[in-house]
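**Q** In UniProt numbering, the protein residues as written are 1 to 647. By construction, the Cβ of each residue, glycine as well, lies at the ideal position given by its N, Cα and C atoms. Since this is a predicted model, take the numbers as computed values, not measurements.
#1: With distances taken from CA atoms, which of 210, 132, 159 is nearest residue 32?
#2: DSSP on residue 361, reduced to helix/strand/coil?
#3: So what does DSSP say about residue 185, is it helix, strand or coil?
#4: Residue 654 by DSSP, collapsed to three states: which one?
#5: From the DSSP output, which residues share a beta bridge with residue 242?
#6: I want to check one thing, is the minimum distance from the CB of residue 231 to the heavy atoms of the ligand ATP below 6 angstroms?
#7: How would you label residue 435, buried or exposed, when you count the other beta carbons within 10 angstroms and need 16 or more for buried?
#8: Starting from residue 92, trace the alpha helix (DSSP H) in both directions and tell me its first and last residue.
#9: I'd like to confirm the pairing. Which residues does DSSP put opposite residue 281 in its beta bridges?
#10: Check residue 17 in the structure and name its three-state DSSP category.
#11: Check whether chain D comes within 7 angstroms of residue 326, counting only Cβ atoms and requiring the distance to be less than that.
#12: Does residue 359 pass the burial test, meaning 16 or more other C-beta atoms within 10 Å, or should it be called exposed?
#13: Helix or strand or just coil, what does DSSP make of residue 500?
#14: Look at the Cβ atom of residue 410, then the Cβ atom of residue 363, and state whether they are nearer than 7 angstroms.
#15: Enumerated in chain order, which unbroken segments of the beta strand (DSSP E) with a length of 3 residues or greater are wholly contained in the region 24 to 58?
#16: Less than 7 angstroms separating the beta-carbons of residue 454 and residue 406?
#17: When the Cα of residue 67 is compared with those of 43, 195, 183, which residue comes out closest?
#18: Bridge partners of residue 469, per DSSP?
#19: Could you name the residues of the same chain whose beta carbon sits closer than 6 angstroms to that of residue 53, not counting the 5 residues immediately before and after it, in chain order?
#20: Please list, in chain order, all residues of the same chain as residue 529 whose beta carbon is under 6 angstroms from its beta carbon, the five residues on each side excluded.
#21: By Cβ distance, which residues of its chain are closer than 7 angstroms to residue 159, with the 5 residues on each side in sequence left out?
#22: Quick one: any contact between the region 205 to 225 and the region 105 to 116, if contact means 3 or more CB pairs under 8 angstroms?
#23: Check for me: the alpha helix (DSSP H) holding residue 524 runs from which residue to which?
#24: Three-state secondary structure (DSSP) at residue 431?
#25: Considering only residues of the same chain and omitting the five flanking positions on each side of residue 437, which have a CB-CB separation below 6 angstroms?
#26: Kindly give me the distance between the Cβ atoms of residue 349 and residue 335, rounded to whole angstroms, as I take these residues to be in contact under 8 angstroms.
#27: Got a sec? Which residues, its chain only, sit under 8 angstroms from residue 164 by beta carbon, not counting five neighbours each side?
#28: Looking only at its own chain, which residues have a Cβ that is under 7 angstroms from the Cβ of residue 378, when we skip the five neighbours before and after it?
#29: Who are the Cβ neighbours of residue 62 in its own chain at under 6 angstroms, not counting the five residues just before and after it?
#30: If you draw a straight line from the C-alpha of residue 516 to the C-alpha of residue 23, how long is it?
#31: Measuring straight from C-alpha to C-alpha, what distance separates residue 100 and residue 162?
#32: According to DSSP, is residue 596 part of a helix, a strand, or is it coil?
#33: Within the same chain, show all residues whose beta-carbon is closer than 6 angstroms to that of residue 479, passing over the 5 residues directly before and after it, in chain order.
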């Protein structure tokens, strides 16, 4: 069943054509993504479909009984109600039905109603019909559904009575999304719904949308999210819209293959055209061949020759370099507490070791102190306790997600030139051109730039610093999908060390070699990318549950044993565990030393220039890391058992 059709839609702002002859179709249960560059017209198209913007020509067909829900980018609820009261406004029709059911029940309880069989039959018929409708619409579970969605969006029961007006901007945006999900429209239109969501909330939203009974039309720059959710992609580019079947990764593959096919066909046609033109030119003047040449000329004029395929739009093009390499030890953090005052500790017991060329991702729920930790490391904030030690020759380059330092009245050109005065204007303009600032763009005032433009300007400044240790706070925020890919490639080729915070799981999988989970009570390190972190964390949770079950069974067993014999057995097992832990720690230490030596060897020019040697060393390194990880798991299991013995 088609629930939305857009035919030949065109939209202009003044003389600028934004969308032209757009065709788009959404069927029941479709999951559709709109992708494209910032400014391509994605949000404009969503607003037109949602009825918030007019259009110049074309038509939008939506069946009469179809309901549409639209979440605008940066939208936040404005209300004087409490969180719970605001959510309950979604169910006003159900509440009216419920009130009517109670009224009918009171009428049926009145003995006088039985005096009129006709009246009694009418009441019973209305009650049966209303009760069926109430049940089908979720009347018996809407409060449970509300609690479930609020919990998924990180609003817990102790917050239900808080006024909506007292929430932060990010919380109001999440609440607006929660309210829209509860309304369950036939077509759910979401513009950047993943903004302000931490990874745990993102995972919940993905699972919710996978099971959603209606259709979804979505704009998002979160590629991992798109891969999980969508089955159709419409690309908005150069005012046109092109359809691809599959998720985001499928779209990228199909687009690349389509371009290769079109280019090959175009080149073949151009060869054929050139041969025809050469034949006509050579034979048109000869009496014997003029007739044949004229026939070929008519063929040349009648043929619809394809235009050259248009490649990708202009992309940013940059890379990060360093002035000089740091020592092997880049950063050491011991027993660190972070926050803003001694009585406002956000997180404590933080331990972190970062070595040269590590790519370390910091993850954790919103509010746990990830950005605070980065600001403490770059000395924008002072540590409340503990120590931070920096390695030899470490030069930090910091990217601030809030772009707090990009709010001047300077032009874009002068923002860079004032910090690097020894460069000439041509060199500064060349750097800005790499980040898509060309022509009059360089004369824009910094404080008037969009979020995406500020992000590109901040990256330009970061590139010029040539720091050997990049500390990045949400570097993919405000970047479109293409710019994210360019940034990833630049960071993958970067010869220095990276510490970053990101909610972009696709980005983490491409960049991270370690994931450090930050909580209010400390840190835990995982030696791998994001997918490894998720898998390992799940394993540890299952292991903890298994140990808990074993512990409970053991406690039951202990209860029926003689106290003295139990005590001896416990002490004996404790000694065995401690010996095994010591052995494992020695083995792990040996592995770590070997791993470190091989990583140093791989940095030597004579090694990394020899492919076979480098491959051999890399295979050995992977094997050592796998063995180290297995020992680490055994060590954790024994530590858990030792803790249980003490209880």
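**A** In short:
#1: Ranked by Cα distance from residue 32, the options 210, 132, 159 are led by 210.
#2: strand
#3: Reduced to three states, the DSSP call for residue 185 is coil.
#4: For residue 654 there is no data in the structure shown, the boundaries of the chain being 1 and 647.
#5: 235
#6: The ligand ATP is absent from the structure shown, which contains no ligands of any kind.
#7: buried
#8: 92 to 109 is the span of the alpha helix (DSSP H), which, as asked, contains residue 92.
#9: By DSSP's assignment, residue 281 forms no beta bridge with any residue.
#10: strand
#11: Looking at the structure shown, chain D is missing, and only one protein chain is on hand.
#12: buried
#13: In the structure shown, residue 500 sits in a strand (DSSP, three-state: E or B).
#14: No. Outside cutoff.
#15: Listed in chain order, the beta strand (DSSP E) runs fully inside the region 24 to 58 are 31 to 35, counting runs of at least 3 residues.
#16: yes
#17: 183
#18: 396, 497
#19: The answer, listed in chain order, is 47.
#20: 509, 512
#21: 83
#22: no
#23: Counting along the chain, residue 524 falls outside any alpha helix (DSSP H), though it belongs to the beta strand (DSSP E) covering 522 to 526.
#24: helix
#25: 412
#26: Indeed, because the Cβ distance is near 6 angstroms, the residues count as touching under 8 angstroms.
#27: 77, 78, 79, 80, 81, 82, 83, 86, 172, 175
#28: 396, 398, 471
#29: 4
#30: Between the C-alpha atoms of residue 516 and residue 23 there is a straight-line separation of about 45 angstroms.
#31: If you draw a straight line from the Cα of residue 100 to the Cα of residue 162, it comes to about 30 angstroms.
#32: Look at residue 596 here: in three-state DSSP terms it is helix.
#33: Close CB contacts of residue 479 within its chain, under the 6 angstroms cut and outside five residues either way in sequence, are with 455 (chain order).
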